[in-house]
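Visitor: For reference, the structure I am asking about is given below.
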Amino acid sequence: MNVYFVRHGEPDFEPVNQAGYVGYGRDLSGLTAAGRKDAQKKAQDARLAKATLVLSSPYTRALETAHYFAEGRQLVVELGLHEWRPDKTGRQLTSGAEAVAAFEQYSLTPEQVPADFFMTYETRQEIVARVEDTLARYQQYEQVIVVTHGIVIRTMTGRKGPIEYCEIVEWHN
């Protein structure tokens, strides 16, 4: 299976910040105008011409991005690969700063959450197992577009450094 990982477009967190959403509520952020424009442009990438499925994270920013990758191809969007979870309970995370702190700790200790850390995040092994389990359900497809998040893409591909918004990263499973 050829997998084309696509990082979601640029998110607009201002509405959820203004609403005071916490936990999973923070995942309701859609895209900025620039994020929508970028997704529309990147969706035209010739490498994706033979894709027969778009698999997306259920987070609003990813679903909105997936829409642009699916609409011109008349493809179905299925849910599957969500973001790395800085808060596995879905109830503790209250700010972007806490998510950044969890990511910084994950960067230092991706294999195990320190016992004294304030939040329980998803480990590297948990990400890999979740992604492999999800992709196994779609082995019948030769080429799949997977709209997800930077940490998922880096974990699965071994890529170092940042993944740009709407960047396409090819991976063979």
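Sequential numbering from 1 applies to the sequence shown in the UniProt record's numbering.
Idealized CB from N, CA, C, for every residue including glycine.
#1: So who's on the other strand from residue 11, going by DSSP bridges?
#2: Quick one: Cα of residue 153 to Cα of residue 100, how far?
#3: What is the rounded straight-line gap between the Cα of residue 17 and the Cα of residue 32?
#4: Helix or strand or just coil, what does DSSP make of residue 113?
#5: Assign residue 148 to one of three DSSP states: helix, strand, or coil.
#6: Count the other CB atoms within 10 Å of the CB of residue 107; is the residue buried (16 or more) or exposed (fewer)?
#7: When the Cβ atoms of the stretch 42-50 are set against those of the stretch 128-139, are three or more pairs found closer than 8 Å?
#8: Within this structure, are the beta carbons of residue 83 and residue 59 separated by less than 8 Å?
#9: Sorted by chain position, which residues of the same chain lie with C-beta nearer than 7 Å to residue 13's C-beta, five sequence neighbours on each side aside?
Guide: Let me spell this out:
#1: By one-based count along the sequence shown, residue 11 stands at place 11. Partner(s): 31.
#2: Counting from 1 along the sequence shown, the entry for residue 153 is found at position 153. Counting from 1 along the sequence shown, the entry for residue 100 is found at position 100. Using only the alpha carbons, I get a separation of about 18 Å.
#3: On the sequence shown, residue 17 is found 17 positions in, with the first residue counted as 1. On the sequence shown, residue 32 is found 32 positions in, with the first residue counted as 1. Answer to the nearest angstrom: the Cα atoms are 14 Å apart.
#4: Translated into the one-based positions of the sequence shown, residue 113 becomes position 113. Collapsing the DSSP output to three states places residue 113 in coil.
#5: For the purposes of this step, residue 148 is taken as the residue at position 148 of the sequence shown. Strand, per DSSP.
#6: Within the sequence shown, the letter at position 107 stands for residue 107. Exposed is the call here.
#7: Contact fails: fewer than three Cβ-Cβ distances are below 8 Å.
#8: Along the sequence shown, read from residue 1 onward, the residue named residue 83 stands at position 83. Along the sequence shown, read from residue 1 onward, the residue named residue 59 stands at position 59. Taking a C-beta distance under 8 Å as the contact criterion, residue 83 and residue 59 qualify as a contact pair.
#9: Looking up residue 13 in the sequence shown gives position 13. Correct list, in chain order: 29 and 96.
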